[in-house]
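K.L.:
Under our numbering, the letters of the sequence shown match residues 42 to 285, in that order.
Here a beta-carbon is modelled for each residue, glycine too, at the ideal position from N, C-alpha and C.
Quick one: structure below, then a few questions.
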Amino acid sequence: MREINNIVILTGAGISAESGVATFRGPDGLWKGHRVEDVATPEAFQRHPILVQKFYDERRAKLQGVQPNPAHLALAQLDAAWGGDLLLVTQNVDDLHNRAGSKRLLHMHGELLSGLCLACGERSPVAGNLSDGPVCPHCRQSAMRPDIVWFGEMPYQMDRIESALSQCDLFVSIGTSGAVYPAAGFVRSARHYGALTLEMNLDPSDGSLYFNESRMGKAGELVPAWVDDILSSGTRFCDVMLKR
42 MREINNIVIL TGAGISAESG VATFRGPDGL WKGHRVEDVA TPEAFQRHPI LVQKFYDERR
102 AKLQGVQPNP AHLALAQLDA AWGGDLLLVT QNVDDLHNRA GSKRLLHMHG ELLSGLCLAC
162 GERSPVAGNL SDGPVCPHCR QSAMRPDIVW FGEMPYQMDR IESALSQCDL FVSIGTSGAV
222 YPAAGFVRSA RHYGALTLEM NLDPSDGSLY FNESRMGKAG ELVPAWVDDI LSSGTRFCDV
282 MLKR
C-alpha cells in the first residue's frame, strides 16, 4: 500500500475530444486543410498574420458549442476535495477545465480565450476576434496575437511543472498521445523522482511502457471512477502497482 499526498495530472486532446473538441491531427482534426507550418509557428504568423488570426478566431468561436464532460467535472471535484498538493497541467488550449471548476490548473500551451501583446508581452482575456485588431489593454500600443504556444516556442511555467513533478507521489496522464515534448517526458521525470505513474487513454500511447499502470477506455468513464476510488481511500491509493 502506497501513501499518496501530492498529485500531478497531465491532460491532452483526448479528454476534450469527448466534449466535441477536434483532436490535434485526427482524420477530422483541427489542422485539416492547414499544414501545421501555416498556422502553428511564429514564422507562419509573420508570413500570414490574418490567416493565422482567423484560424484561431474560428477555434475560439467553436468553444461556445461544447461543454465540460464527466472527466473534466471529476478532476474539478478532485481539485476541490484533495488535501495534498495537486497540479493539473493541460496541453489543451480550450477552457473546459476552467468551466468545470478546476482551480489548481496550468495551461502549458496557452489559452484560446487569451491574447498576447506583440509589444509588451502581457496576456489579456479575449472573447471576440483577434483578426479585428483589438489593442492591448495594458500598453495601448499594439494589437495581440493568439496566446498559444506554437511549435518552436517554450511552454508556460516549465519550472513550476518540473518542481511539481519532482515532489509528486503520483503522476497521472489522461488522453494524451505521449508524442509531443516536453509533456511526453513528464512520466519519466516523475518516475525518476520516485512517483507512481498511471495512464488513462483511449488507446496505448507512445509512452505507455513508462507507466506503472495503463487503463484503456473513455476518459468520461475512467476518470470519474478513478476519482471516486482515490477520494474514498483518503491519502492511500492501492490500485497502481509497481509493475516496472
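(1) Which of the three DSSP states is assigned to V80 in this structure?
(2) Any heavy atom of the ligand SAM within a distance shorter than 7 Å of the CB on G142?
(3) I215 lies in the beta strand (DSSP E); which residues open and close that run?
(4) Straight-line CA distance for A225 to R181?
(5) Skipping 5 residues on each side, what residues in its chain have a beta carbon closer than 6 Å to that of S230?
(6) Locate the alpha helix (DSSP H) running through G219, then write down its first and last residues.
(7) For E44, count neighbouring Cβ atoms within 10 angstroms of its own Cβ and tell me buried if that reaches 16, exposed if not.
(8) Under a three-way DSSP split, which group does R185 fall into?
(9) For the candidate residues L116, S249, D173, whose alpha-carbon lies nearest to that of I56?
(10) Just curious, the beta strand (DSSP E) that G261 is in, first and last residue?
(11) Where are the beta strand (DSSP E) runs, 3 residues long or more, that stay fully inside the region 101 to 174, in chain order?
(12) To the nearest angstrom, how far is it from the Cα of E142 to the Cα of I48?
(13) Provide the residue span of the alpha helix (DSSP H) that contains E254, from first to last.
(14) Give every residue of the same chain whose Cβ lies closer than 7 Å to the Cβ of P166, excluding the five residues on either side of it in the sequence, and list them in chain order.
(15) Could you tell me the distance, in whole angstroms, from the CA atom of D244 to the CA atom of R256?
(16) Using the Cβ count rule (16 or more neighbours within 10 Å means buried), how would you classify A236?
(17) Considering only C-alpha positions, which residue in the set F227, L211, K259, V77 is nearest to G125?
P.N.:
According to the structure shown:
(1) Position 39 of the sequence shown, counted from the start, is the residue given in the question as residue 80. Helix, per DSSP.
(2) Judged by which ligands are present, the structure shown has none, so any question about the ligand SAM falls away.
(3) Here residue 215 refers to the residue found at position 174 when the sequence shown is read from its first residue. Taken as a continuous stretch (DSSP letters only), the beta strand (DSSP E) holding I215 covers 211 to 215.
(4) Here residue 225 is taken as the residue at index 184 of the sequence shown, counted from 1. Here residue 181 is taken as the residue at index 140 of the sequence shown, counted from 1. The straight-line gap from Cα to Cα measures roughly 38 Å.
(5) Position 189 of the sequence shown holds residue 230. Same-chain partners within the cutoff: L206.
(6) Here residue 219 refers to the residue found at position 178 of the sequence shown. Counting along the chain, G219 sits inside no alpha helix (DSSP H), nor does DSSP assign it H or E at all.
(7) Against the sequence shown, residue 44 aligns to sequence position 3. By the neighbour-count rule (16 or more Cβ atoms within 10 Å), E44 is not buried but exposed.
(8) Within the sequence shown, the letter at position 144 stands for residue 185. Checking the sequence, you will find Met at residue 185 rather than Arg. Of the three classes helix, strand and coil, the one that applies to M185 here is strand, per DSSP.
(9) One-based indexing of the sequence shown puts residue 56 at position 15. In terms of Cα proximity to I56, the closest of L116, S249, D173 is L116.
(10) Here residue 261 refers to the residue found at position 220 when the sequence shown is read from its first residue. It is not in any beta strand (DSSP E) - G261 instead sits in the alpha helix (DSSP H) that spans 260 to 273.
(11) Entirely contained in the region 101 to 174, the beta strand (DSSP E) runs reaching 3 residues are, in chain order, 127 to 131, 146 to 148, 151 to 158, 164 to 166.
(12) Position 101 of the sequence shown holds residue 142. Position 7 of the sequence shown holds residue 48. The residue asked about is misnamed: residue 142 is Gly in this sequence, not Glu. Near 17 Å, if we compare the C-alpha coordinates of I48 and G142.
(13) Taking the sequence shown and counting its residues from 1, the one referred to as residue 254 is at position 213. For E254, there is no enclosing alpha helix (DSSP H); the residue is found in the beta strand (DSSP E) stretching over 254 to 257.
(14) As a working note, residue 166 is residue 125 in the sequence shown. So the qualifying residues of the chain are L154, S155.
(15) Start at 1 with the first residue of the sequence shown, and residue 244 comes out as number 203. Start at 1 with the first residue of the sequence shown, and residue 256 comes out as number 215. R256 has its alpha-carbon roughly 9 Å from the corresponding atom of D244.
(16) Taking the sequence shown and counting its residues from 1, one reaches residue 236 at position 195. A236 comes out buried.
(17) One-based indexing of the sequence shown puts residue 125 at position 84. The closest CA to that of G125, considering only F227, L211, K259, V77, is found on L211.
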